[in-house]
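Residue numbers (the numbering used here), protein chains in the order written: chain A, 1 to 491; chain B, 1001 to 1503. Notes follow once the structure below has been shown.
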């Protein structure tokens, strides 16, 4: 009893201090601000001056910038072929197709030959499939630039898909997902995605659900549909000659899938799945995910969403989540939030944390309390201005490498945004008001709509979790995307 | 036809590439301050960003039993500010912190009595109350602290997240920031080297314990690795993982951490690297201005003299965890300064890099293993480990998997690798180095590591030259010398239900 009183007093003091000291500024902080006050002499890179955009005969854009300091050529090929384009195909076909590209080699170059060449020429090649995009990343010694262009052009034009490799890829995906799910945090994220997005492709990204049903015919069909020149763009950096790269590309990028009118995926209807979903594991720490679907509806909204997420949990140690949950209360090593607006489907606000079993409810209370502060407009002027300054002054970090510079402009194209999005970013960030921040929090962070998932030793804390919503128990072995159609029984 | 041309050019290109790699000239400026701080500057102006790295030559290998994990704990405490940063008035904080220390010393006294069997019957309750009192005092102290001040202040002016990383041999503090923030960086990095203020010690210990739960205690393979290390070493401090033992973390004091800082975080035990968009003269001036006044220290224990005992036979252990069965097989190996170190890296590549590697072809493709990884780890200053971690494929038992792994190691001893395989391995490692040289942060690490281990920031040239000289005989010689049963430790992870039958 005494202990509980003392805990309450201590927690109360922590909350009081969190309200009072947030507006305080230390001498050291003022010194840092003063010493960094000189303006940064930097301008947004300009096409034609700082980088080039060339186009192949088939219309594939090449974003190029040379840098001869190290004898390396890097290529990043971005393809609109992520899971979000899977409508009309079996689930997981996007992921399987990307993996098949890496596992199969191309007509005239087996994967063993390809790997041997890459190793021999100090190269590497990785292909990954995300929610929206498939990405090929490759480097090679610059004196073998032609080889890398040949490898990538052949792969993207005429891959040599086989049933034997498909069987292998499917088995690998199953095994990798099984192993990954041994991490309770990964498992928690998987369950959260499945609940949040139901049968939308975003829902089964972190699982092997449905992968067995992908056939070679579907992989070939998906490749032809998505990997043509229409949805493809390349970033080329390093020690190279742009015109030579393009010439080599034309030489080997033949017989590729046809150019088509690009069909963008439709954004699904918003889907809410409020409730507290629990998965029992006999471990001493809870993994927590909670959040809800959202979408940034216009460009001015995007800047406010970025600021909101930065201040809530996105900017890591400068965010409220970390300040309160980690550093003030010592409840977690890592606590954060994600609100990715650069998506083709429907975005979501996601809050995450890991904490020992008996502080699970306290950590959730603290995170929701912070969300409440933003919704209620209880963020002080000093903290607000620090967030705005961070967003403005940190903008340049998006251009930290030459490849990043080009990726920013390529993504404008992918996301169908105007150049002014980058040109005006800092000005727009700087014009956000506290009222707008509160409106944005109210619009997107609604605890009543949120899905909570906790993986850990939930037996002891289940009753305490009821205050966050109706309790449901999850079964680890049954993919949640299936029961989504039939909601799990309420206890 | 095209393929024939490519193949015909292989050897010539490989040699050309090696030559090209050898002549890569990174424009490095180095100097030392009077207090012993070593500085390496590499200006690069392709983007308006600066990468910084401060390497302290201290890690878990400098620890002793009882204070394991202190290097990493100190890394956390370095983000708690100084007498100017993160506080409205540090003098008001001091008595509160001293009172917390006093209460915690009483906790330790009671815990020692418990171990001795002489504790009062209400010892546990008294400990609980003492810890709650510490929490209460800590909450009061927060009235004059400015929470996460350093993070907020640096984020506000454009810094990316302030980063740090503790390993077996060293601790790194890394940032990248817009180039107009160079002086702000010099101000706070020099301040926390000279005069850190370890506030929030007890709540940060809770954070570190959460990190231990997150990265070790709830991760089956990490549990296996922790137990494996403890078996592979009997004397040398590489026997515990960097995070440290839970009991040691629970009993560390603020004074322990302060003493450790004084002992190892001196300018004469640090290397500072800047890579990026700055003028060399300006950067040198700022470094001299801010870091030059920090006094050097008499570092009495810069390295551990505890050498690992000679292993006299194979060591084995089994860990029960709810996960796919897997194993770790490890062999002691030479430190990074030994000429044979690149041979281990080539063996690492030959065994597990890509679809042409031995493990991929012989273990993964046939389904014997779901995953196989080799590791050299960041144990570089002292003799470290070469490990193979293999996850069993569906229906594969660990004895079968272990035999398959050992068979591949045996082949290295008995069958010379082909010239082609050797060249692929060499080129792969060269390419990996080139990619590191291009990346600002990775370059900073390479330069600091070169200065630390070889007294030469550009020691990657020595590495390249050693790499070039490795031949097939070296692979066989090293495999025969080190991959022996007597030098081997084998750890199995077995799911609880299977444990009995395997035993």
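Quick reminder that beta carbons are idealized off the backbone N, C-alpha and C, glycines included. These numbers were taken from a predicted model, which means no experiment stands behind them.
Could you tell me which of the options sits nearest to residue i, measuring between CA atoms?
i, options, result
"residue 330/A", "1431/B, 1217/B, 1365/B, 1203/B", "1203/B"
"residue 1280/B", "1034/B, 1025/B, 1041/B, 1037/B", "1041/B"
"residue 1263/B", "1028/B, 1477/B, 1056/B, 1365/B", "1056/B"
"residue 1372/B", "1343/B, 1405/B, 1380/B", "1405/B"
"residue 336/A", "312/A, 358/A, 249/A, 426/A", "312/A"
"residue 1275/B", "1392/B, 1114/B, 1049/B", "1049/B"
"residue 1339/B", "1122/B, 1237/B, 1460/B", "1460/B"
"residue 1240/B", "1030/B, 1068/B, 1033/B", "1068/B"
"residue 374/A", "444/A, 243/A, 261/A", "444/A"
"residue 1218/B", "146/A, 455/A, 274/A", "455/A"
"residue 228/A", "256/A, 244/A, 235/A, 251/A", "256/A"
"residue 1141/B", "1092/B, 1155/B, 1101/B, 1121/B", "1092/B"
"residue 1194/B", "1129/B, 1136/B, 1291/B, 1246/B", "1291/B"
"residue 354/A", "309/A, 184/A, 380/A", "184/A"
"residue 952/B", "1028/B, 1299/B, 1037/B", "A query on residue 952/B cannot be resolved here, the shown segment of chain B reaching from 1001 to 1503 and no further."
"residue 1457/B", "1448/B, 1464/B, 1465/B, 1463/B", "1448/B"
"residue 73/A", "281/A, 239/A, 435/A, 392/A", "239/A"
Within 10 Å of its beta-carbon, does residue i have 16 or more other beta-carbons around it, so buried, or fewer, so exposed?
i, result
"residue 1487/B", "buried"
"residue 292/A", "buried"
"residue 1052/B", "buried"
"residue 49/A", "exposed"
"residue 1493/B", "buried"
"residue 419/A", "exposed"
"residue 1399/B", "exposed"
"residue 1087/B", "buried"
"residue 1178/B", "buried"
"residue 303/A", "buried"
"residue 471/A", "buried"
"residue 264/A", "exposed"
"residue 237/A", "buried"
"residue 1072/B", "buried"
"residue 1348/B", "buried"
"residue 1109/B", "exposed"
"residue 319/A", "buried"
"residue 112/A", "exposed"
"residue 266/A", "exposed"
"residue 1337/B", "exposed"
"residue 1132/B", "buried"
Just reading off the beta strand (DSSP E) that residue i is part of, what are its end residues?
i, result
"residue 140/A", "134-141"
"residue 1178/B", "1171-1178"
"residue 128/A", "124-129"
"residue 1038/B", "1038-1043"
For the alpha helix (DSSP H) that residue i lies in, which residues bound it at each end?
i, result
"residue 1330/B", "From DSSP, residue 1330/B is part of no alpha helix (DSSP H) but of the beta strand (DSSP E) over 1326-1332."
"residue 119/A", "111-120"
"residue 62/A", "Here residue 62/A belongs to no alpha helix (DSSP H); instead the beta strand (DSSP E) covers 61-66."
"residue 1227/B", "1220-1232"
"residue 1153/B", "1149-1157"
"residue 1135/B", "1123-1141"
"residue 1076/B", "1070-1077"
"residue 230/A", "Run containing residue 230/A: none; DSSP gives neither H nor E here."
"residue 1202/B", "1201-1212"
"residue 1320/B", "Taken as a continuous stretch (DSSP letters only), residue 1320/B belongs to no alpha helix (DSSP H), being part of the beta strand (DSSP E) at 1315-1320."
Open item on the list: Any contact between the region 131-144 of chain A and the region 169-182 of chain A? By contact I mean 3 or more CB pairs, one from each, below 8 Å.
Closed with: no
Open item on the list: Count Cβ pairs between the region 1225-1239 of chain B and the region 1021-1039 of chain B that sit closer than 8 Å; are there 3 or more?
Closed with: no
Task: Three or more C-beta pairs below 8 Å linking the region 322-340 of chain A and the region 359-377 of chain A - done: yes
Open item on the list: For a minimum of 3 consecutive residues, which ranges assigned as the beta strand (DSSP E) are wholly contained in the region 306-358 of chain A?
Closed with: The region 306-358 of chain A contains these whole beta strand (DSSP E) runs: 335-339, 348-356.
Task: At least 3 beta-carbon pairs within less than 8 Å: the region 43-58 of chain A vs the region 1174-1190 of chain B - done: The region 43-58 of chain A, when compared against the region 1174-1190 of chain B, does not touch it at the 8 Å Cβ threshold.
- [ ] With a floor of 3 residues, list each beta strand (DSSP E) that falls wholly inside the region 387-465 of chain A, ordered by position along the chain.
- [x] 451-456
Open item on the list: With a threshold of 8 Å, are at least 3 pairs of Cβ atoms found where one atom belongs to the region 1360-1369 of chain B and the other to the region 1150-1163 of chain B?
Closed with: Here the region 1360-1369 of chain B makes no contact with the region 1150-1163 of chain B; the two share fewer than three CB pairs at distances below 8 Å.
Open item on the list: For the region 199-219 of chain A against the region 79-89 of chain A, do three or more pairs of beta-carbon atoms, one drawn from each stretch, fall closer than 8 Å, so that the two count as touching?
Closed with: yes
Task: Ranges of the beta strand (DSSP E) found wholly within the region 224-273 of chain A, counting only runs of at least 3 - done: 232-238
Task: Complete runs of the beta strand (DSSP E) confined to the region 1337-1424 of chain B [at least 3 residues] - done: 1369-1375, 1385-1392
TODO: Specify whether the region 1387-1398 of chain B and the region 1241-1252 of chain B touch according to this definition: at least 3 beta carbon pairs, one from each stretch, less than 8 Å apart.
DONE: no
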